[in-house]
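Read through the structure below, which is laid out as structure tokens, and then see the notes.
Written as structure tokens, this is what we have:
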């Protein structure tokens, strides 16, 4: 079965690069939502703990429960707030406050311009009153930047909006943590003044910033591999796969490999042949469980850099890794 390799040395290297910016490991909250961006939730949690990180960010409480042994504090971005001593819950709307369990540890998310989730700035005082009335424990104020990885000044506009939100909030409450930095923001701006940075794609080795920006020396953590199923000889003119879209230009030797869209590899990659890390084009359409390559190797590397793969597929590194199925075996390399 196809599998992924996780490079521990590269992961630790990336975390070290960001630690230089934050000044401490305690200021980094590793984002492990959606199966750690396809890298494997529990494996990346264990490695993060081994490196010395103490905070994590996930999407659901189910994810949090799986990684509780590895972290002191876990922020849950998209689930109903309940009482849990090691978890805090993002409040994305006034309705989230209503639904929260009395005594829950919560972090108020403010909409500073992304217009996806969060309380409007002019709703903050109402939200704080509701939080007090509901007897919730407010431990943080947060926002999310919409254009930190774009060539624009919108990041600074949002930061100014967040400063307003911080001012309003801190006039009513004290001793809460303030955080707004994702990977892209952390790459662009100094981090030593942040209580916490939420480190996602950067930890896994990628920067989607335009090349005009200075960035860190990041190294890809994940590579995708497939194993040979069968080999055959094709005569000139014979066709491969559904629809027979690839026609052998000569007599060639091809092999089937155990990777398909059922494993999270894009079927759309067959509309324009994807070139693997070893320089082999995928021949014909991607099937649910198989691809065909002109190779007889027992194993082949499909990609070892999701940023480069994403450019071929006209998407982003996030999608390339995150859509990989969690059933894929994870092999740790050093």
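Residue numbers (the working numbering): -16 to 317.
By construction, the Cβ of each residue, glycine as well, lies at the ideal position given by its N, Cα and C atoms.
Helix, strand or coil at residue 26 [DSSP, three-state]: Residue 26 falls in the helix class under three-state DSSP.
Which of helix, strand or coil DSSP assigns to residue 245: Helix at residue 245.
Straight-line Cα distance separating residue 87 from residue 107: Taking the straight line joining both Cα atoms gives about 18 Å.
contact_flag[the segment 146 to 157, the segment 241 to 257] where n(CB pairs < 8 Å) is 3 or more: In short, these stretches do not touch, since the Cβ pair count stays below three.
Sequence-distant residues of its chain with Cβ nearer than 8 Å to residue 304 (five each side left out): Spatial neighbours of residue 304 in its own chain (CB-CB distance under 8 Å, excluding positions within 5 residues in sequence) are listed in chain order as 20, 21, 22, 187, 205, 289.
Residue 221 beta carbon less than 7 Å from that of residue 209: Against a cut-off of 7 Å, the Cβ pair of residue 221 and residue 209 comes out as no contact.
Sequence-distant residues of the same chain with beta carbon closer than 6 Å to residue 177, five excluded per side: Cβ within range, chain order: 164.
Residue from 293, 212, 89, 160 whose Cα sits closest to the Cα of residue 66: That would be 89, whose Cα lies nearest to the Cα of residue 66.
contact_flag[the segment 267 to 277, the segment 193 to 205] where n(CB pairs < 8 Å) is 3 or more: Output reads no: the segment 193 to 205 does not touch the segment 267 to 277.
Validate contact between the segment 23 to 43 and the segment -14 to 3 using beta carbons, cut 8 Å, 3 pairs: Yes: at least three Cβ pairs fall under 8 Å.
Distance, residue 308 Cα to residue 112 Cα: So the alpha carbons of these two residues sit roughly 43 Å apart.
Inter-residue Cα distance where the pair is residue 219 and residue 249: For residue 219 and residue 249, the distance between alpha carbons rounds to 28 Å.
Boundaries (first-last residue) of the beta strand (DSSP E) holding residue -10: Where residue -10 is concerned, the enclosing beta strand (DSSP E) stretches over -14 to -10.
Inter-residue CB distance, residue -11 and residue 306 (contact presumed, cutoff 8 Å): So it is not a contact: roughly 17 Å between Cβ atoms.
CA-to-CA distance, residue -5 to residue 138, given in whole angstroms: Residue 138 and residue -5 have their C-alpha atoms spaced approximately 28 Å apart.
Integer-rounded CB distance, given that residue 39 should sit under 8 Å from residue 77: About 27 Å; that fails the 8 Å criterion.
Element boundaries [beta strand (DSSP E), containing residue 276]: For residue 276, the uninterrupted beta strand (DSSP E) segment begins and ends at 274 to 276.
Residue -3 classed as buried or exposed, judged by whether at least 16 other C-beta atoms fall within 10 angstroms: Residue -3 comes out buried.
Under the three-state DSSP convention, the category residue 52 falls into: Correct three-state label for residue 52: helix.
Touch test, the segment 114 to 126 against the segment 159 to 175, Cβ-Cβ under 8 Å, three pairs minimum: Contact between the segment 114 to 126 and the segment 159 to 175 is present: three or more C-beta pairs spanning the two stretches fall below 8 Å.
Cβ-Cβ distance between residue 181 and residue 225 below 7 Å: In this structure, residue 181 sits away from residue 225, with a CB-CB distance that is not shorter than 7 Å.
Top-ranked residue by Cα proximity to residue 60, from 30, 298, 13, 85: With distances taken between Cα atoms, residue 60 lies closest to 13.
CA nearest to the CA of residue 64, picked from 109, 118, 261: Of 109, 118, 261, the smallest CA-CA separation from residue 64 is found for 118.
Beta-bridge partners of residue 70, as assigned by DSSP: BP columns for residue 70 point to 57.
Simplified DSSP assignment, three categories, for residue 96: In the structure shown, residue 96 sits in coil (DSSP, three-state: anything other than H, G, I, E or B).
Cβ-Cβ distance between residue 18 and residue 95 below 7 Å: Against a cut-off of 7 Å, the Cβ pair of residue 95 and residue 18 comes out as no contact.
Minimum length 3: unbroken beta strand (DSSP E) runs contained in the segment 198 to 266: Listed in chain order, they are 205 to 217, 235 to 240.
As assigned by DSSP and simplified to three states, the class of residue 84: Here residue 84 sits in coil by DSSP.
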